[in-house]
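Taken in order, the sequence shown gives residues 1 to 349; the numbers are from my numbering. Inspection log for the structure reproduced underneath, given as structure tokens.
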Amino acid sequence: MNVLGFESSCDETGVALVATMPGGPPRLRAEALHSQAAMHEAYGGVVPELASRDHIRRVLPLTRRVLAEAGATLAEVDLVAYTRGPGLAGALLVGAGVAVALGAALGRPVLGVHHLEGHLLSPFLGEKPPRFPFVALLVSGGHTQLMRVEGVGRYELLGETIDDAAGEAFDKSAKLLGLGYPGGPALAALAEQGDEGAFALPRPLLHSGDLDFSFAGLKTAVMTQLRKLGPAPSDAARADLAASTQAAIVEVLVAKTLKAVRASGLARLVVAGGVGANRRLRAALDAGVRRLGAEVSYPPMALCTDNGAMIALAAAMRVEAGLEQGTDAGAFDVRPRWPLQEQSAPAGA
Ligand code: KG4
Ligand code: ZN
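Pasting the structure below:
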């Protein structure tokens with residue numbers, strides 16, 4: 001099955017063609033991505049109206065590029081998939097509109113996909129694809145969740161952030177440190193030159209006994225440290241603070257994730273979402289999982305952040321699991337707020 005996927009939930013326009021075969025691993029035939037980061041940088045965050053307009057400008061040229069790179073024609077597309085939510089309403093509508101129009105023109109079914117399900121299943125496009133069941137750590141700019149995943153469409157929430165997401169903690173701290181948007185990768189790069197023991201930052205909810213997270217207090221702590229450093233902190237002090245911030249986020253993520261793996265009795269972990277690209281987090285998780293005698297799968301580096309491939313893949317996996325037929329092209333909607341649990345079968349089903 002050839003699935004053409006569209007992602008436009010936030011500030012990245014992603015298009016990809018994924019092929020699946022019964023019994024074989026899914027194959028990414030081609031993908032193209034346009035990041036709007038540079039456009040939003042001047043505003044310090046995503047401007048929804050600008051995001052929607054830019055998705056409109058980019059989506060068709062990207063689609064042509066994907067088809068050309070795959071050496072494919074639209075006639076080969078069996079299913080069209082788009083991100084239905086969660087995300088920015090106007091941005092989501094661009095991908096939805098294009099997907100539904102294409103489906104109607106081609107006479108092919110169209111399927112709206114949950115963005116987080118896309119992230120969650122993206123490691124199946126990686127070098128070491130996971131096997132069900134597993135524990136999943138989903139760490140993106142909007143979400144931080146631990147889940148028990150029994151199979152496609154069977155997701156049980158084990159814990160989540162009660163305020164900011166891990167990516168948000170990276171981004172907000174980076175902003176305080178005067179780094180660009182999105183700040184996660186920039187903060188991680190600066191942290192490489194710093195000493196992570198230099199500042200004692202809080203580890204919120206580390207010993208809470210449950211699997212929930214809280215990151216909102218961290219940016220306040222970073223702000224307090226910055227104030228103490230005065231109006232012109234040295235490069236070395238900024239790098240130390242970046243390293244200490246990263247270490248605080250990583251320590252909590254790793255402790256709770258390993259606790260979830262131990263409690264689940266499963267020996268498999270999957271990490272997905274933009275923060276999953278963080279090398280310090282990967283190194284700490286790799287070491288922790290090894291100590292537990294478990295294994296961990298990541299998506300390919302390039303598919304950690306938003307992309308069309310994960311949307312095409314999730315659509316294919318849902319159809320192949322018998323959960324969807326794909327809707328008839330025509331009516332469509334988007335779900336700017338959409339709990340993943342609504343895409344999950346009741347326990348025991
Ligand atoms: O999954 P994603 O592309 O978008 C959402 O669905 O939110 O994740 C974006 C988030 C941003 O907060 C970004 O700063 C963070 O992932 N991120 C990173 C790294 N790469 C991306 N955070 C820390 N280290 C990185 N290397
Ligand atoms: Zn995402």
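The C-beta atom is built at its ideal place from N, Cα and C for all residues, glycine as well. The model shown is predicted, which means the values in this text are computed figures rather than measured ones.
- Task: Evaluate the contact criterion for the segment 84-98 versus the segment 4-13: three or more CB pairs, one atom per stretch, below 8 Å.
- Result: These segments touch.
- By Cβ distance, which residues of its chain are closer than 7 Å to Glu-117, with the 5 residues on each side in sequence left out? As a working mapping, residue 117 is identified with position 117 in the sequence shown. Excluding its 5 nearest sequence neighbours in each direction, Glu-117 has C-beta neighbours in its own chain below 7 Å: Ala-314, Leu-340, Gln-343, listed in chain order.
- Query: Hey, quick one: how far does the beta strand (DSSP E) through Glu-160 stretch, first residue to last?
  - Reply: For this step, residue 160 is matched to residue 160 along the sequence shown. Run containing Glu-160: 154-160, per the beta strand (DSSP E) assignment.
- Going by DSSP, what residues sit across from Leu-292 in a beta bridge? Numbered from its first residue, the sequence shown carries residue 292 at position 292. Answer by DSSP bridge pairing: none, since Leu-292 is not bridged.
- Name the two residues that bound the continuous alpha helix (DSSP H) containing Glu-49. Taking the sequence shown and counting its residues from 1, one reaches residue 49 at position 49. Where Glu-49 is concerned, the enclosing alpha helix (DSSP H) stretches over 48-70.
- Query: Between the C-alpha atoms of Thr-327 and Pro-109, what's the straight-line distance to the nearest angstrom?
  - Reply: Sequence index remark: in the sequence shown, residue 327 carries index 327 (1-based). Sequence index remark: in the sequence shown, residue 109 carries index 109 (1-based). Answer to the nearest angstrom: the Cα atoms are 6 Å apart.
- Query: Which same chain residues, not among the five before or five after Val-18, have their C-beta less than 8 Å away from its C-beta?
  - Reply: As a working note, residue 18 is residue 18 in the sequence shown. Its chain contains Asn-2, Val-3, Gly-5, Pro-26, Arg-27, Leu-28, Arg-29, Leu-125, Ala-309, Ala-312, Leu-313, Ala-316 as the residues whose beta carbon lies nearer than 8 Å to that of Val-18, once the 5 sequence neighbours on both sides are disregarded; these appear in chain order.
- Query: What is the rounded straight-line gap between the Cα of Gly-348 and the Cα of His-40?
  - Reply: In the sequence shown, residue 348 corresponds to position 348, counting from 1. In the sequence shown, residue 40 corresponds to position 40, counting from 1. At Gly-348, the pLDDT of 47 sits below 50, so the modelled position is not reliable; the number obtained from the coordinates is stated separately. Taken atom to atom, the span from the alpha-carbon of Gly-348 to that of His-40 is near 44 Å.
- Query: At what residues does the alpha helix (DSSP H) containing Phe-170 begin and finish?
  - Reply: Working through the sequence shown from its first residue, we reach residue 170 at position 170. Counting along the chain, Phe-170 sits inside the alpha helix (DSSP H) bounded by residues 166-176.
- Message: Measuring only the C-alpha atoms, how far is Tyr-298 from Ala-68?
- Response: Taking the sequence shown and counting its residues from 1, the one referred to as residue 298 is at position 298. Taking the sequence shown and counting its residues from 1, the one referred to as residue 68 is at position 68. Their Cα atoms are separated by approximately 28 Å.
- Ignore the nearest five residues each way along the sequence and tell me which others in Arg-203's own chain have a CB closer than 7 Å to its CB. As a working mapping, residue 203 is identified with position 203 in the sequence shown. Cβ within range, chain order: Ala-248, Glu-251, Val-252.
- Around the Cβ of Glu-196, are there at least 16 other Cβ atoms within 10 angstroms (buried) or fewer (exposed)? If you number the sequence shown from 1, residue 196 lands on position 196. Classification for Glu-196: buried.
- Message: According to DSSP, is His-34 part of a helix, a strand, or is it coil?
- Response: Taking the sequence shown and counting its residues from 1, one reaches residue 34 at position 34. Looking at His-34 - three-state DSSP - the assignment turns out to be strand.
- Query: Which stretch, first to last residue, makes up the alpha helix (DSSP H) that contains His-119?
  - Reply: Residue mapping note: residue 119 aligns to position 119 of the sequence shown, counting from 1. Judged by DSSP secondary structure, His-119 falls within the alpha helix (DSSP H) whose first and last residues are 115-121.
- Task: Using beta-carbon positions only, say whether Leu-269 and Val-296 come within less than 8 Å of one another.
- Result: In the sequence shown, counting from the first residue as 1, residue 269 sits at position 269. In the sequence shown, counting from the first residue as 1, residue 296 sits at position 296. Against a cut-off of 8 Å, the Cβ pair of Val-296 and Leu-269 comes out as a contact.
- Query: Start and end of the alpha helix (DSSP H) containing Glu-320?
  - Reply: Position 320 of the sequence shown, counting from 1, holds the residue named residue 320. Segment 308-320, the alpha helix (DSSP H) holding Glu-320.
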